[in-house]
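Please read the structure below before turning to the comments.
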Amino acid sequence: MSTSEEQHIDVVRRRLQDRFPDLDTRLIDEAIDAAHHRFDGRPVRDFVPLLVERAAATTLNTAPSP
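For the sequence shown, our numbering assigns the number 1092 to the initial residue and increments by one for each residue that follows.
What follows is the structure, encoded as structure tokens:
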């Protein structure tokens, strides 16, 4: 992962933590990591952070509330 992509994923992480303040940060991290790994080995990386955010948000929307 490039430094730029890593920085974008960190921004995604903060946005999702703000969007889902009641969820454990570990659950958010797991959703982001799972979504991010789906794009391993893909040559075009420009939209990966956006796609990761959408996939993780979809997962977190279905997560049970604490």
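Each residue gets a CB set at the ideal place from its N, CA and C atoms; glycine is no exception.
Fair warning: this is a prediction, and the values are worked out from it, not measured in the lab.
State the DSSP-derived secondary structure class of residue i, mapped to helix, strand or coil.
i	result
A1126	helix
R1106	helix
R1117	helix
T1094	helix
D1101	helix
R1133	coil
Which whole-angstrom value is the C-beta distance of residue i and residue j, which I expect to be below 8 angstroms?
i	j	result
L1142	I1119	Not confirmed; about 16 angstroms, so no contact.
Roughly how many whole angstroms lie between the Cα atoms of residue i and residue j?
i	j	result
A1154	H1127	18 angstroms
A1122	P1134	22 angstroms
R1106	F1130	20 angstroms
S1093	T1116	23 angstroms
Can you check whether the C-beta of residue i is within less than 9 angstroms of a C-beta belonging to chain D?
i	result
L1107	No chain D is part of this structure, which consists of one protein chain only.
Are residue i and residue j touching if we call contact CB-CB under 9 angstroms?
i	j	result
S1156	D1109	no
A1125	A1148	no
| Given 8 angstroms, three or more beta-carbon pairs between the segment 1128-1144 and the segment 1099-1107 | In this structure the segment 1128-1144 touches the segment 1099-1107; the number of beta carbon pairs closer than 8 angstroms is three or more.
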